[in-house]
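Taking it in order: structure first as structure tokens, then the write-up.
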Amino acid sequence: MTEMQTAPVLELRDVTRIHGSGVTAVHALRGVSLSVCAGELVAVMGPSGSGKSTLLNVAGGLDSVTTGAVLVEGVDLATLSASDLAAVRRRAAGYVFQDLNLIPTLTAAENVALPLELDGGSVRESRRRAVESLAAVGVEELAARYPDEMSGGQQQRVAIARALVGDRRLVLADEPTGALDSETGEAVLRLLRRRVDEGAAGVLVTHESRHAAWADRVVFLRDGTVVDSTSYSVDADAAGALS
Amino acid sequence: MTALLDRPPAPVTPPSVPRHGRVRTWLAQWRVALRLARRDAWRSKGRSVLVLLIVGLPVMIVSGVILWGYQSIAANQPRAYAELWLQGGADAVINPQTGPVEQSLYGDVTNTLTGPAPTEATIWAALPEGSRLVAMPELTPQLILENGEWGVTGGFALSEMADPMLRGYWRNLEGTFPRARGQVLLDASLARRLHAGIGSTITVSGTGDQRSLRRDLLVVGTADPNPMFWSTGVVWPGELPVVEAPGATSALPPVYLVDSPTPITWDVVRQVNKAGAFVTSRAVVDDPPTFCTPSVVCLDDGPAPGAMPDMVSQPTSPDAAREAALGGVVVVLVILQIALLAGPAFAVQLRRRQRELGLVGASGGDAKVLRRTVLASGVVLGVAASVGGAALAWIATAVATKNETLLSTFSFPGVPPLPPFPRELLGVIAVGIVASIAAALVPAVVAGRGDVVDTLRGRRPLPALRRSLPVAGLGTGLVGLAVMVYGVLQLDPVILGVGVVLGELGIVLLMPWIIVQTGRFGGRLPLSARLAVRDSGRHRMRTAAAACAVAAAAAAAVGVSAAYGATATYATSTDVATLPDVSVVYLPLEQYDETGQLVPVDADRVIADTRAVIRAADPGARTALLRDVAPAGRPQSVQAGAGNVSCGPVDTGILTDPTQVPCAGRQPKSYLGSNSAVVEVSPDDLPLILGPTAPLDEARAALEQGTAVVLQPHGVVGGKVTLTASWSDPETGAMSEPRSVDVPAIEVLQGTLPATVLVSEQTLARPEVAKVLGVGTSGLMLAQPSEADSPDRPTFVERVNLEMARAELGAGVSEPLTQVDQTLIVLLAGVGATALLALLAGLMVTALALADGRADHATLQAVGAAPRVRRRIAAATAGYVAGLGCLVGAASGLIGSYVLLPLLTDGRGFGASHTWSVPWPMVGLIVVAVPLLTAGAAWLTTRSRVPLTRRMDS
């Protein structure tokens, strides 16, 4: 395990998220506190409806909190407007979803460059950095291909490249291996692990313990509450052997 | 790649600060949006083609109309006439005059100077060496041509037609030119009227001095003549008597054709001018000198001193502003219609691109970026459709102008080529692009408001209907209706148009509420219909857009039908032009001598002779005489009306000047011609003039007493009408003080003529009237045959024209003013257009609904629903959308047509409402048949099974 930076990249402070009101109110998160530092991969596990995805959504500013605070790179997301939250997603936090990650009408390089271009970057510079990011995940040769010309694993690699392109240091992955076979899934997790080891901070939502084994820490959610938090000391290869 | 830990953390840029500057970020985001839109359009070809058609077709049609207008304008330009002259293939056409001349480039503006008259030698000397001159043939006078009972008048050219330059004036030759005496080549259209063809024998007879002439000629050929050839056929030289052709001098032929070994340049033209002839030169037409503009007299190297530049008409400011405003209203209406039609397609696209938009949002695109991503589709498709539509129109027009049959509608071949790109097309293209963007506007707004999380997960929570929306819709609609009524009362088309736009916007805003209300009854419906109605209610955006598009078409169809019915009913009861087979005979009451001076004419004799000629053609024909009333002394004009209100001739049903009293709704033709709004008639002629439903006894009694009969509203004040006469000095052109006289009058609002006041001989004989008014020098006669024309004998007009030629009367007869009953055409066109739009909108919405409800259909299938249930749902969805749109549209169309009624029925106020009725056939077809047709189409085109797949988590 690499040495972690001390300042957390992501910090949730007593976050509560309630959907709806009155008798139909749903407490998706109840007083959740979590911090993730650079070089740290945190897995979030729990049964369906436990709030895993909601946690991921509030972490990247896709959803707002009812109470509490979410800080990304020290910036309290609650103080930001919708446009500013979008800017956070362009510059600081990247998402990887279970499937349908890529825009079908853009090539791999264009998908990866998307946050940079939306931030005003030139085509040339954005593409250059996108290709760099693709190379970092080992799929540089796919730069000119469209998503329907790639396998599922390749698409997830591209999605990870997009999540970390540029200066982004926080990757938020929501069951990234859910639509992949085990071998491909392992490869994706290995890649994610490596990127975290290189200095990113990662939050991995999963419901499979063998995938959680790739993480430095596992947080267990139930009914929106953190019920347990465990640190792993087993290295990645061993985690792979366990699967 | 350097590990992240090795790099220092990037400097923190506050999220609110654009990293690369606002403008650059804006441009970059639009670049991404356009890229996504372009590629999505390419991937969804079917949907893209649909939008391209909806936007591109109107652009293409309007562009085509503009370009065709350019051609028709060009056809009337001097160059077009020059091309007509040169069509025979001559290098130049020369018109000798009485002395040296000056001319414009194409010879349309000319000056004849004092000097020696030209001779053939002097003209020849001015031409390049080796030139050949061919005189145009001599002509016969107008003769009578008969083939059995069929007869027409016509004149011939006498020529062997050996020279190719002469032959070049005849196209589409069938048979041959005459090769000997006793043979004739006929104008093809003349031959058809004579029912003669190649091998027929026609009889040619003369009139006047040539009364004894009678020849039988064998038709050996037919062809289409160039109008510059001045004849309707060709015979052998010496076959028939010759008349002096209308040239400037009797010493030389009026026209020479020139075949030259070298181009007849402008320098040569000037030499010939100095010799005493005008020249139309091929070389000058093809490559005019640049030192002169067309239509100014041009000398050797520049315009003549004092030559006026081409005048560009400057419309008066108020008229120009009003026309611009009216144009703006029309443009807004067009944009709205296109946006409504194309809206469902963009709504479909929004739903299909939802995941993509979610990914853009997750990648850092804010609401503005999401809106731009959707709007960019409108831009991409709008540009493609508009530019493509305009280009297609240009190509089609360019091809059509090469087609002689098409061109023959307004010109001979030789119309100049199309301009490369008329500026007006830019405006049309811009409107198309704006309309496409407008169609994408609502989906863009919805996209911007969407929740990224819901979008990524494919959830689409039901948006609450804003309470303000139906209130705004109702308010806007009522305001629109009020504005329409005000516009009609003010006879202001701009205000009227604004009201129509507001009314339509009101329906657009109200439609979601209507959908919600109709959805409440869903529970009482069978399962399939219930699902369809509730699903349509959940997805109001797509349903409302489609229903509004259908409503617009239905409103137009029902409105036009109701209005047409009202005007047809009104016209049938009042307008003499709809009396069957009424022709207009233009009386030759103004005749001029060779010097152009007006010669006195025995008007009574001319009128009597004309009646006699008509009765010779048809003994049972009825006639009615209308003579213009002019100021006594020097003629100028007489106006009628109350106070300062004048009633002038109008050629549309909508007046642009609110001070003008509406006095002519449907003016069949401006055949009265003069400025006078008063005509003298005989009381005995009233039945033919006013029509059968007018109060004839009352009108006859009034005229016999010398009382005027006023056919305009507001013309009679206190039992009198004021007639105002004005004069102008023929030499100075100065206007005299107008003089008015009050004449006792009654108002008759049925039996409308374009003229406004009927007076009789008794009226004009009143001393106070006689001082001011007199009988004018123009007039016409209405003539109605005793029985209808039939195809097996010459028509009434043909017989009258023949008798007029025999009597050398010189009168002209129009074809009958019979109106074609277009009720069926209107019905079919209206239903057809509405059905097409309903199908389009209904099927689009159905396809979207089926795609959206795929999981639900899979569930239905899994729980045992029969396959036809899916089809029923599709049919119910399509039928619901079409039915809703047709109902709303029919209602608004009926209201609109009633409001417009005064404008369409001679502006007689709402008192003409007795002619308005609900067009039940049209309403029935629109409201019942069209939705059923749409539902049926959806049934037929829907698959009954959907593959069972894992349900998407929602």
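As given, the protein sequences belong to chains A and B, one line each in that order. Residue numbering for the first sequence follows our numbering, starting at 1 and increasing by one per position. Residue numbering for the second sequence follows our numbering, starting at 244 and increasing by one per position. Virtual Cβ for every residue (Gly too), placed ideally from N, Cα, C. This one's a predicted model, so the numbers in the text were calculated from it and none came from an experiment.
Contacts with chain A at 7 Å (Cβ-Cβ) include V695 of chain B.
Assigned with DSSP and collapsed to three states, V527 of chain B falls in helix. Counting only residues of its own chain and dropping the five nearest sequence neighbours on each side, G716 of chain B has a CB closer than 6 Å to the CB of G749, L752, L753. Q948 of chain B sits in coil when the DSSP states are folded into three classes, being neither helix nor strand. Residue ranges of uninterrupted alpha helix (DSSP H) with 4 or more members, entirely inside the stretch 141 to 183 of chain A and ordered along the chain, are 152 to 163.
Between S983 of chain B and D871 of chain B, the C-beta spacing is not below 7 Å. Secondary structure at V1173 of chain B: helix, using DSSP grouped into helix, strand and coil.
Assignment of I309 of chain B by DSSP, reduced to helix, strand and coil, places it in the helix class. Distance check between G693 of chain B and each of B:A568, B:I1169, B:Y313, B:L602 places B:L602 closest, using alpha-carbon atoms only. Here DSSP, grouped into helix, strand and coil, assigns W393 of chain B to strand. Of all C-beta pairs linking the stretch 342 to 352 of chain B to the stretch 415 to 427 of chain B, fewer than three are shorter than 8 Å, placing the two stretches out of contact. For the stretch 573 to 606 of chain B, the residues whose beta carbon sits under 8 Å from a beta carbon of chain A are, in order, R598, E599, L602, V603, G604, A605, S606.
For G397 of chain B, the number of other beta carbons within 10 angstroms of its own is at least 16, and it is reported as buried. In terms of beta-carbon proximity, I103 of chain A lines the interface with chain B, with at least one pair separated by less than 7 Å. When the alpha-carbon of L668 of chain B is set against those of B:L310, B:S1140, B:L295, the nearest one is in B:L310.
H19 of chain A and L56 of chain A have their alpha carbons spaced roughly 15 Å apart. Using a CB distance cut-off of 7 Å, A284 of chain B does not count as an interface residue toward chain A.
Contact note: R274 of chain B reaches chain A through E117, V123, using a C-beta cutoff of 9 Å and chain order.
Taking 7 Å as the cut-off, the beta carbon of G607 of chain B is found no closer than this to the beta carbon of R222 of chain A.
Neighbours of P261 of chain B in chain A, taken as residues whose beta carbon is under 7 Å from its own, are G120 in chain order. Only G607, G608, D609, A610, K611, V612 from the stretch 607 to 631 of chain B bring a Cβ to less than 9 Å from some Cβ of chain A.
T936 of chain B sits exposed, since fewer than 16 C-beta atoms from the chains shown fall within 10 Å of its C-beta.
Pairing L946 of chain B with Q1005 of chain B, the inter-Cα distance amounts to about 7 Å.
Look at H211 of chain A here: in three-state DSSP terms it is helix. Out of B:F534, B:V540, B:T533, the CA that lies nearest to the CA of V522 of chain B is found in B:V540.
Of all alpha-carbon atoms in B:I932, B:V952, B:D1099, B:V922, the one lying nearest the alpha-carbon of G1019 of chain B is that of B:V922. Cβ proximity to chain B below 9 Å picks out A38, G39 from the stretch 19 to 43 of chain A.
By the criterion of a C-beta distance shorter than 7 Å, S1187 of chain B is surrounded in its chain by P1110, R1111, R1113, R1114, once the five residues flanking it on both sides are discounted. In this structure L118 of chain A is buried. Its beta-carbon is surrounded by 16 or more other beta-carbon atoms within 10 angstroms. Listed along chain B, the residues sitting closer than 9 Å to L114 of chain A by beta-carbon distance are V275, L602, V603, S606, G607, G608. Excluding residues up to 5 positions away in sequence, Q580, L583, E747, G1132 lie with their Cβ nearer than 7 Å to the Cβ of A795 of chain B in the same chain.
Within its own chain, the residues whose Cβ lies closer than 8 Å to the Cβ of L356 of chain B, once the five positions on either side in sequence are excluded, are G342, P343, V344, E345, listed in chain order. Chain B places no beta carbon closer than 7 Å to that of L10 of chain A, leaving this residue out of the contacts. Taking a C-beta distance under 7 Å as the contact criterion, A69 of chain A and R13 of chain A qualify as a contact pair.
Y95 of chain A is a Cβ neighbour of L172 of chain A, given a cutoff of 7 Å. For chain B, the residues of the stretch 44 to 64 of chain A that bring a beta carbon within less than 8 Å of one of its beta carbons are N57, G60, L62, D63, in chain order.
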